[in-house]
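Asks: Got a structure for you, questions after.
Numbering (this note's numbering), first residue to last: 2 to 203.
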């Protein structure tokens with residue numbers, strides 16, 4: 002769980018984490034970009050801009066896809082293939098960021114796509130999953146009735162389909178996350194508090 006104040010740099014933080022993941026041979030990131038399409042679009046555009054700034058005028062090191070589904074498999078597979086191609090220089094190896102809406106339909110499309118890619122590659126890829134606004138929709142809202150809410154179930158299935166992954170949940174309002182039962186799949190193993198810069202005004 003990554004806890005930051007409102008408008009204190011959470012998006013910049015997870016953009017930096019995505020870049021660090023690339024440096025540590027984690028070439029695939031799934032970003033659950035919130036429950037509202039305008040928020041997801043804003044995050045997608047910012048990621049595209051920030052991650053490709055140093056690629057202007059040259060081949061990009063990033064493939065940032067929004068609402069990816071099965072027909073995008075070839076493009077994503079090709080990008081990931083550069084990671085193990087000895088003829089491709091390091092600066093041209095591509096990393097992939099899949100940005101999706103945080104709802105059952107969006108998460109299921111990504112899960113199905115990653116299952117196809119893993120099958121084609123014949124191995125389990127290391128994946129970074131980032132849950133933006135992790136207090137919203139992600140926790141199980143049907144816990145009292147001993148059922149799974151749709152988004153929670155989709156996140157659980159996505160994580161089950163990725164044997165080698167890390168899951169980071171970002172929020173400024175962590176109460177729901179911190180009060181989860183310890184055996185819940187979204188109960189944080191640790192909490193990191195982001196310190197806003199000296200110019201932060203709240």
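Here a beta-carbon is modelled for each residue, glycine too, at the ideal position from N, C-alpha and C.
1. Counting pairs of Cβ atoms below 8 Å between the region 36–48 and the region 113–131, do you hit three or more?
2. Please give me, in chain order, every unbroken run of the beta strand (DSSP E) with length at least 3 that falls completely inside the region 50–103.
3. With respect to 8 Å, is the separation between the Cβ of residue 111 and the closest non-hydrogen atom of the ligand ATP below this value?
4. With a threshold of 7 Å on Cβ separation, who are the neighbours of residue 121 within its own chain once the five nearest residues in sequence on each side are excluded?
5. So who's on the other strand from residue 31, going by DSSP bridges?
6. Using beta-carbon positions only, say whether residue 3 and residue 195 come within less than 9 Å of one another.
7. Should the region 137–144 be regarded as contacting the region 65–77, the criterion being three or more beta carbon pairs within less than 8 Å?
8. Residue 24 to residue 166, Cα distance in whole Å?
9. Please name the residue in 10, 13, 14, 26 whose C-alpha comes closest to that of residue 126.
Replies: Per the coordinate set shown:
1. no
2. 63–67, 96–101
3. The model on display carries no ligand, and the ligand ATP is accordingly not part of it.
4. Counted from its first residue, the chain shown places residue 121 at position 120. So the list reads 78, once near-sequence residues are dropped.
5. Position 30 of the chain shown, counted from the first residue, corresponds to residue 31. DSSP, once it has assigned bridges, lists 99, 130 as partnering residue 31.
6. Residue numbering aside, residue 3 sits at position 2 when the chain shown is read from its first letter. Residue numbering aside, residue 195 sits at position 194 when the chain shown is read from its first letter. Yes, they are a contact pair.
7. no
8. For the purposes of this step, residue 24 is identified with residue 23 of the chain shown, where counting begins at 1. For the purposes of this step, residue 166 is identified with residue 165 of the chain shown, where counting begins at 1. Near 16 Å, if we compare the C-alpha coordinates of residue 166 and residue 24.
9. To locate residue 126, count along the chain shown from 1; it is residue 125. Of 10, 13, 14, 26, the residue nearest in Cα terms is 26.
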